[in-house]
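Visitor: Each residue of the sequence shown is one higher than the one before, counting from 607 in the working numbering.
Each residue gets a CB set at the ideal place from its N, CA and C atoms; glycine is no exception.
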Amino acid sequence: MDILPVLKTGKLIAVYTSDAARTESMTLIAELGLRGAVTILDGGNRYRPYQVATLLRRKTVDISTTANRLFSRRAFTCYEMNTLLSSTPSLNQPYLILDLLNTFYDDHVPTYEAYRLLKSCLGQIQRLVLSGPVVVTLAPPLVDVRDFLLEQVCRQADEVMIKETPVCQPTQPSLF
607 MDILPVLKTG KLIAVYTSDA ARTESMTLIA ELGLRGAVTI LDGGNRYRPY
657 QVATLLRRKT VDISTTANRL FSRRAFTCYE MNTLLSSTPS LNQPYLILDL
707 LNTFYDDHVP TYEAYRLLKS CLGQIQRLVL SGPVVVTLAP PLVDVRDFLL
757 EQVCRQADEV MIKETPVCQP TQPSLF
């Protein structure tokens, strides 16, 4: 799944997979960090700075300069995600929103409130799209009641990439 060729200002790309594209996201963050500043907004504790540093070490010896281009912020609730997005400045750089819906899947948040907050977040994401490309990673909801949140984000995205996770088939080991 190569996102770099389709990453352009004015585009919202949604990446859907069972693990919210954890490995692909770190690779993308490292690649973008080599090219310039990147803002990472984490909604599901998906950001792995050590993994990004390892990926950067394979490409450059000047890791500190590249690492200083990565700006990360974390939200623990859907209310914080809304505040995080509204307080993020519109800059001419890429934005990665990792596992956007994770906090919205919380069953302690009423469905109508999750819908209201997501609508507000999507408005803020549209504001960010005007100044730089935005990639949102998504994971499936734990309960079907929250499926509409995923559909809402995918409807607003310019492109939706779906990554199927390979299913391991049981195999019979040979006896000899």
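What did DSSP end up calling L676 once you bin it into helix, strand or coil?
Guide: Along the sequence shown, read from residue 1 onward, the residue named residue 676 stands at position 70. Residue state, collapsed to three classes: strand.
Visitor: Starting from the C-beta of R628, find all residues in its chain whose C-beta is less than 6 Å away, skip the five residues before and the five after it, and write them out in chain order.
Guide: In the sequence shown, the residue the question calls residue 628 occupies position 22. Once the five neighbours on either side are set aside, the close Cβ partners of R628 are R652.
Visitor: Can you give me the start and stop residues for the alpha helix (DSSP H) that T629 sits inside?
Guide: For the purposes of this step, residue 629 is taken as the residue at position 23 of the sequence shown. Looking at the DSSP string, the run of the alpha helix (DSSP H) that includes T629 is 628-641.
Visitor: Under 7 Å Cβ to Cβ from G738, same chain only, skipping five residues before and after it: list those, please.
Guide: Residue numbering aside, residue 738 sits at position 132 when the sequence shown is read from its first letter. Apart from the 5 residues on each side of it in sequence, G738 sits with its Cβ closer than 7 Å to the Cβ of T615, L697, N698, Q699, P700, Y701 in its chain, given in chain order.
Visitor: Got a sec, what are the start and stop residues for the alpha helix (DSSP H) V759 sits in?
Guide: Numbered from its first residue, the sequence shown carries residue 759 at position 153. Its alpha helix (DSSP H) spans residues 753-762.
Visitor: Could you round the C-beta distance between V766 and C760 to whole angstroms and report it? I think they count as a contact, below 8 Å.
Guide: What you label residue 766 is simply residue 160 of the sequence shown in a count that begins at 1. What you label residue 760 is simply residue 154 of the sequence shown in a count that begins at 1. Contact holds; Cβ gap of about 5 Å.
Visitor: Given a cut-off of 8 Å, decide if L618 and D753 are closer than it, judged by their beta-carbon atoms.
Guide: Mapped onto the sequence shown, residue 753 falls at position 147. Mapped onto the sequence shown, residue 618 falls at position 12. No, these two residues do not count as a Cβ contact at 8 Å.
Visitor: Just list the alpha helix (DSSP H) runs in the region 698-745, keeping only unbroken ones of 4 residues or longer that don't cross its boundaries, in chain order.
Guide: 717-735
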